[in-house]
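Asks: Handing you a structure now.
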Amino acid sequence: MENDMAMDDKELGNLIGSDKVEGTAVYGSDERKIGSIERVMIDKKSGRVSYAVLGFGGILGLGNDHYPLPWQSLKYDTRLGGYVTGVTEQQLRGAPKYGSERDWNWADIGTTRAVNDYYGVPLV
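First residue of the sequence shown? That's 0 in numbering that gives the first Met the number 0, and the numbers climb one at a time after it.
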């Protein structure tokens with residue numbers, strides 16, 4: 000508990016610990032909650048966050064589908080206390096997704112290109 004408080008005091012400005020991002024709500028362009036961030040994917044070479052994996056559907060985290068969103072497609076909204084993406088829940092349902100981690104190949108450029116194309120974000 001003491002370490003958590005110390006970290007909270009140090010998280011000032013634009014920086015945030017990855018453990019605080021995980022579980023943060025994601026809202027659609029209509030400001031309705033569409034899911035929560037389950038994890039962030041970091042480019043090993045650049046050190047930048049490339050994707051957020053959004054958990055959506057299921058009950059109490061069971062049966063969730065996983066939707067990779069390009070990090071650039073998310074903006075933090077202090078009023079909502081979460082991230083906002085430019086799509087609605089209905090549009091999200093048509094986005095690339097996977098059911099379990101073993102169903103997704105992050106190394107496949109075609110797969111990641113499809114995600115970026117869906118959200119209109121250039122592949123970096």
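We put the beta carbon where it would ideally sit given N, CA and C, even for glycine. The structure presented is a predicted model; accordingly, all values stated were derived computationally and were not measured.
#1: Rounded to whole angstroms, what is the Cα-Cα separation between Gly-27 and Arg-112?
#2: So Glu-37 and Val-52 are supposed to be a Cβ contact under 8 Å. How far apart are they, rounded?
#3: Starting from Ile-108 and walking both ways along the alpha helix (DSSP H), at which residues does that stretch end?
#4: Using alpha carbons as the reference points, say which of Glu-88, Pro-67, Val-25 lies closest to Leu-79.
#5: Quick one: grab the DSSP three-state call for Asp-102.
#6: From Ile-33 to Thr-87, what does the alpha carbon distance come to, in whole angstroms?
#7: If we ignore side chains and look at the alpha-carbon of each, how far apart do Asp-18 and Trp-103 end up?
#8: Please state whether DSSP places Ser-28 in a helix, a strand or coil.
#9: Where does Ser-72 fall in DSSP's three states?
#10: Nearest by alpha-carbon distance to His-65: which of Gln-71, Ser-72, Lys-74, Val-39 is it?
#11: Can you give me the C-alpha to C-alpha distance between Pro-67 and Tyr-75, rounded to a whole angstrom?
Replies: On the basis of the coordinates in this document:
#1: Going from the Cα of Gly-27 to the Cα of Arg-112 covers about 22 Å.
#2: Sure, about 5 Å apart at Cβ, within 8 Å.
#3: It spans 108 to 118 - the alpha helix (DSSP H) in which Ile-108 sits, taken as one unbroken run.
#4: The shortest C-alpha separation from Leu-79 is found at Val-25.
#5: Correct three-state label for Asp-102: helix.
#6: Computed Cα separation, rounded: 8 Å.
#7: Asp-18 and Trp-103: Cα-Cα distance of roughly 22 Å.
#8: Here Ser-28 sits in coil by DSSP.
#9: Looking at Ser-72 - three-state DSSP - the assignment turns out to be helix.
#10: Closest option to His-65, Cα to Cα, is Val-39.
#11: Taking C-alpha positions only, Pro-67 is separated from Tyr-75 by approximately 17 Å.
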